[in-house]
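Following: one structure in structure tokens, then a few remarks.
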Amino acid sequence: MTFWSPSGRTVVCGIIGDPIEHTLSPVMHNAAFRDKGIDYLYLPFRVKSERVGEAVVGMKALNIKGLNVTIPHKVTVMKYLDKIDSVAEKIGAVNTIVNGNDVLTGYNTDASGFLQALLDRGIDPAGKKVVILGAGGASRAISFILAERGAYLTIFNRAVNFKRVKDLADRISQISTSEIQALELNRENLERVLDDADILVNATSVGMSPDINETPVAYGLLKSGLVVFDIIYNPVKTRLIKEAEMAGAITINGIDMLVWQGALAFEKWTEQKAPVNLMKIEVTKALEGNEK
Ligand code: ATR
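Just so you know, we're using our numbering here: the sequence shown kicks off at 7 and counts up by one.
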């Protein structure tokens, strides 16, 4: 294999967040750049909250083509951008910035990547009954894009934090004609709603490493034909995904959302089609390496 090195012509992209040590994005994007034979490089930048503005505006000075934005900066970056895509604006969070001749535009490819992961499997959520668990940042992006696509949503959150899900449902109702209901997360409510649901999305952290024996939905509530999308990618197969497979459900795991959000960012920065399969292979290898 020949050694590749950046040069004075190399186009630089990257990711800002804090912490950033465990990001999988460099592996995914650099593999994609090399695969396409384009002179791009992707770097991780640990940026403290009080310096987000300097980092974003610095894209212009350093001629950085694109940045991904991760926790905890997805909301804060917005005030330093020149333009914000309408979906990202509605969600209130940006995870991808494109620098087009010193004009910085923000997008939310977490949301569009989630939708693309479904569409790629031949599942269009338009007109479908979707159950979403959780009311945090990830749920917000997913709920908005699904409502915009014309899905009927039931969003659940724990009773102690019911206000969170009520506020989210109210906000989505203001900008969408889609039917939205908010419910307390308990077995009785889940059983009733899942009985007649098409798609279940886990946007909570339940089942994430190290708590891999936990699941947000009891096995008995899963059914054949239901689409179960768990956005957790560590572990690659959560207990929910394993049990959904056993129940005959159609499963999609968090790697698909991670890869598609990356692929859509890649396409904005390079104007080329992303090598999605390769990106998925590289991310899976990196995750399996971490698990060892
Ligand atoms: P993210 O930005 O990744 O969505 P978050 O904002 O911390 O992360 O949201 C995590 C979601 O998982 C929340 O809906 C949270 O519920 P609360 O609002 O009640 O905290 C949910 N969650 C986390 N642990 C949970 C648990 N043990 N049972 C049920 N829901 C849980």
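In this text, a Cβ means the ideal position worked out from N, Cα and C, and glycines have one as well.
Please read these numbers as outputs of a predicted model, since none were measured by experiment.
**Q.** Extent of the continuous beta strand (DSSP E) to which N208 belongs
**A.** The sequence position of residue 208 within the sequence shown is 202, counting from 1. Looking at the DSSP string, the run of the beta strand (DSSP E) that includes N208 is I205 to N208.
**Q.** C-alpha distance - A61 paired with G20, whole-angstrom precision
**A.** Position 55 of the sequence shown holds residue 61. Position 14 of the sequence shown holds residue 20. Taking the straight line from one Cα to the other gives about 11 Å.
Q: State the beta-bridge partners of D236 as determined by DSSP.
A: Taking the sequence shown and counting its residues from 1, the one referred to as residue 236 is at position 230. Note: D236 sits in a beta bridge opposite N208.
(Q) From the DSSP secondary-structure annotation, give me the bridge partner or partners of F162. (A) Walking along the sequence shown from the start, residue 162 turns up at place 156. In DSSP, F162 forms a bridge with L139 and L189.
Q) Taking buried to mean at least 16 other C-beta atoms within 10 Å of its own C-beta, is M285 buried or exposed? A) Taking the sequence shown and counting its residues from 1, the one referred to as residue 285 is at position 279. It is buried - the Cβ of M285 has at least 16 other Cβ atoms within 10 Å.
Q.
Using only the alpha-carbon positions, how far apart do R40 and K243 sit?
A. For the purposes of this step, residue 40 is identified with residue 34 of the sequence shown, where counting begins at 1. For the purposes of this step, residue 243 is identified with residue 237 of the sequence shown, where counting begins at 1. Those two C-alpha atoms are separated by around 28 Å.
Q) Given a threshold of 16 other Cβ atoms within 10 Å of its Cβ, counted over all protein chains shown, does M65 qualify as buried or as exposed? A) What you label residue 65 is simply residue 59 of the sequence shown in a count that begins at 1. Under this definition M65 is a buried residue.
Q. Within the present structure, is the beta-carbon of S149 separated from the nearest heavy atom of ligand 1 by less than 7 Å?
A. For the purposes of this step, residue 149 is identified with residue 143 of the sequence shown, where counting begins at 1. For ligand 1, not one heavy atom lies less than 7 Å from the Cβ of S149.
Q: Would you kindly check if the distance between the Cβ of Y113 and the Cβ of K274 is under 8 Å?
A: Numbered from its first residue, the sequence shown carries residue 274 at position 268. Numbered from its first residue, the sequence shown carries residue 113 at position 107. Result yes, Cβ atoms of K274 and Y113 sit closer than 8 Å.
Q | R193, buried or exposed, once every other Cβ within 10 Å from all chains shown has been counted against 16 | A | Walking along the sequence shown from the start, residue 193 turns up at place 187. Per the 10 Å Cβ criterion, exposed.
**Q.** F120 to L227 span [Cα, whole Å]
**A.** Along the sequence shown, one-based indexing puts residue 120 at 114. Along the sequence shown, one-based indexing puts residue 227 at 221. Looking at the two C-alpha atoms, the distance is approximately 24 Å.
Q. For I205 versus P131, is the C-beta spacing smaller than 8 Å?
A. One-based indexing of the sequence shown puts residue 205 at position 199. One-based indexing of the sequence shown puts residue 131 at position 125. Yes.
Q) Would you say the beta carbon of A141 comes nearer than 7 Å to a heavy atom of ligand 1? A) Along the sequence shown, read from residue 1 onward, the residue named residue 141 stands at position 135. Yes, ligand 1 has a heavy atom inside 7 Å of this Cβ.
Q: State yes or no: is the beta carbon of T8 nearer than 8 Å to at least one beta carbon in chain B?
A: Looking for chain B here will not work: only one protein chain is present.
Q) In this structure, does DSSP put F51 in helix, strand or coil? A) Here residue 51 refers to the residue found at position 45 of the sequence shown. The answer is strand: DSSP assigns F51 an E or B state.
Q) Is the CB-CB distance between T111 and L87 below 8 Å? A) The residue given as residue 111 occupies position 105 in the sequence shown. The residue given as residue 87 occupies position 81 in the sequence shown. Yes; because the gap between Cβ atoms is below 8 Å, this pair is in contact.
Q. Going by the C-beta, is T3 closer than 7 Å to any heavy atom of ligand 1?
A. The shown model of the chain, from 7 to 298, leaves out residue 3, and the question about it has no answer.
Q. Okay, do the region 125–140 and the region 149–167 touch, 3+ Cβ pairs below 8 Å being the bar?
A. yes
Q. Taking C-beta to C-beta, are T257 and V234 nearer than 8 Å?
A. On the sequence shown, residue 257 is found 251 positions in, with the first residue counted as 1. On the sequence shown, residue 234 is found 228 positions in, with the first residue counted as 1. Yes, Cβ-Cβ distance for T257 and V234 is below 8 Å.
Q | Alpha-carbon spacing of M84 relative to T102, whole angstroms | A | Locating residue 84 in the sequence shown gives position 78, counting from the first residue. Locating residue 102 in the sequence shown gives position 96, counting from the first residue. Distance between the alpha carbons of M84 and T102 is about 10 Å.
Q. Can you tell which of D116, H28 and A157 has its C-alpha closest to the C-alpha of L49?
A. In the sequence shown, residue 49 corresponds to position 43, counting from 1. Closest option to L49, Cα to Cα, is H28.
Q: Compute the distance between the beta-carbons of I1 and V93, then report whether it is under 8 Å.
A: Past the boundaries of the shown model lies residue 1; the chain is included only from 7 to 298, so the question cannot be answered.
(Q) Measuring only the C-alpha atoms, how far is L30 from E288? (A) By 1-based counting over the sequence shown, the position of residue 30 is 24. By 1-based counting over the sequence shown, the position of residue 288 is 282. Spanning the two alpha carbons is a distance of roughly 9 Å.
Q: Would you check if the distance between the CB atom of L246 and the CB atom of P222 is smaller than 8 Å?
A: Numbered from its first residue, the sequence shown carries residue 246 at position 240. Numbered from its first residue, the sequence shown carries residue 222 at position 216. Contact flag set, yes.
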